[in-house]
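Novice: For the sequence shown, the positions run -18 to 308 when the working numbering is used.
Built from N, CA and C at the ideal position, the CB exists for glycine as well.
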Amino acid sequence: MEFVILIVIIGLVFDYTNGFHDAANVVSTVIATRTLRPVTAIVLAAILNFIGATQISGVAQTIATGIVVASDATQLVVLCAVIGAIFWNLITWYYGIPSSSSYALIGGLIGSSWIHQDASAILWNGVINKVLLPMILSPMIGFAVGLSIMKILFWYTKKRPEVKDKKLFRYLQVISASFVALSHGLNDAQKSMGIITLGLFAGGYLLEPTIPLWVILACATVMGLGTASAGFRIVKTMGFSITRIYPMQGFAAETSSSLVVFIASFLGMPISSTHVITGSITGVGTAKGRKAVRWHVPKRLMWAWLFTLPGAGLVGAAAYMIGTLIR
């Protein structure tokens, strides 16, 4: 019983770190354009993250049953997976690197499961189709959609220059930023629900790995609280370092990223909102010209993302080996 309680607590701690780690992604553009004050943006994001987290998508079920063989997972496997993800979140947050909480959790789960049994514990089809391919394609799609929306807006405002100078895009950006926060809750909080459910199933407290209502409400609440505590270390990287963002650019980037995350959520793909938002911001900047983007920033972030899955996997594996020694 104590082990299950620990899994739930650690799972919620991860959900909290996910909230403050990724809050910057949600609000970075709306803060960068000064459309909303930082505190207002954070409160809005926290509320909408909570609402999004209460809406079930296929992501939670993918984490619970689509990455590793649920019947082979133990409580120690789940606990070490979350520890690996939390460790990675804290390290990258400290250095202001907007890495992926999603892939940190998945990497931790793969690493601890592999050491617990062997490679047969991993559902490789699920990892490839639901994780690796979306990991590669989602920022590219975000880039393409952001670029396209921005090109259309440039064309429209060239024909009607009076629109560009009005407050229209500031109002539109509040709406688009709200959708980003909603989609973030819909995708990211589901991962914590999935990992806690897997822990409950591994401990024999659930007959089937289906998400209990209390897990949904607990994760939604903690995600909202985590977002409310903010992660301003990463706002500078996302909102100011990649390209210069005005309300029109912010609206385009947020619309692009929220569309991609919403679609992926309903397809059961636990993608990284960080990847998608960065891809969208880069695409929006590129619409103005390649020189408008500080390319060294996306390149640096790309390397951080590439190391997230294996890095968190190694931490999860190490945590499992230590856990077997002290258990």
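For P193 and L181, what's the separation of their Cα atoms in angstroms?
Specialist: For the purposes of this step, residue 193 is taken as the residue at position 212 of the sequence shown. For the purposes of this step, residue 181 is taken as the residue at position 200 of the sequence shown. Cα-Cα distance, rounded: 10 Å.
Novice: Whose C-alpha, out of S101, V161, T255, L134, is nearest the C-alpha of T289?
Specialist: Numbered from its first residue, the sequence shown carries residue 289 at position 308. The residue with the shortest Cα to Cα distance from T289 is T255.
Novice: Cα separation between T202 and P142?
Specialist: The residue you call residue 202 lines up with position 221 of the sequence shown. The residue you call residue 142 lines up with position 161 of the sequence shown. Those two C-alpha atoms are separated by around 44 Å.
Novice: Which runs of the alpha helix (DSSP H), 4 residues or longer, sit entirely within the region 17 to 67?
Specialist: Listed in chain order, they are 19 to 34, 40 to 46.
Novice: Report the option in Y76, P19, A102 whose CA atom is closest to the CA atom of V59.
Specialist: For this step, residue 59 is matched to residue 78 along the sequence shown. Per the Cα distances, A102.
Novice: Where does T202 fall in DSSP's three states?
Specialist: Position 221 of the sequence shown, counted from the first residue, corresponds to residue 202. T202 falls in the helix class under three-state DSSP.
Novice: So what does DSSP say about I226, is it helix, strand or coil?
Specialist: Against the sequence shown, residue 226 aligns to sequence position 245. Residue state, collapsed to three classes: coil.
Novice: Hey, out of L118, L(-7), T267, I87, whose CA is closest to I244's CA?
Specialist: Taking the first residue of the sequence shown as 1, we reach residue 244 at position 263. Selected option, being the one with the closest Cα: L118.
Novice: Among A234, G249, I72, whose alpha-carbon lies nearest the alpha-carbon of G260?
Specialist: Residue numbering aside, residue 260 sits at position 279 when the sequence shown is read from its first letter. It is A234.
Novice: Identify whether I103 lies in helix, strand or coil by the three-state DSSP scheme.
Specialist: Position 122 of the sequence shown holds residue 103. Correct three-state label for I103: strand.
Novice: Going along the chain, which residues of its own chain have a beta-carbon closer than 8 Å to the beta-carbon of R225, five neighbours each way excluded?
Specialist: The residue you call residue 225 lines up with position 244 of the sequence shown. Contacts found: G266, A273.
Novice: Can you have a look at H277 and say buried or exposed, based on whether 16 or more other CB atoms are within 10 angstroms of its CB?
Specialist: Taking the first residue of the sequence shown as position 1, residue 277 is located at position 296. The residue in question, H277, is exposed, as its Cβ has fewer than 16 Cβ neighbours within 10 Å.
Novice: Who are the Cβ neighbours of A262 in its own chain at under 6 Å, not counting the five residues just before and after it?
Specialist: Residue numbering aside, residue 262 sits at position 281 when the sequence shown is read from its first letter. In the sequence as displayed, the identity of residue 262 is Ile instead of Ala. Result list for I262: I223, A234, in chain order.
Novice: From which residue to which residue does the alpha helix (DSSP H) around Y84 run?
Specialist: Taking the first residue of the sequence shown as position 1, residue 84 is located at position 103. Unbroken alpha helix (DSSP H) run through Y84: 82 to 97.
Novice: Compare the C-alpha of V112 against each of G249, I28, L188 and name the closest.
Specialist: The residue you call residue 112 lines up with position 131 of the sequence shown. When each option's Cα is compared against that of V112, the closest is G249.
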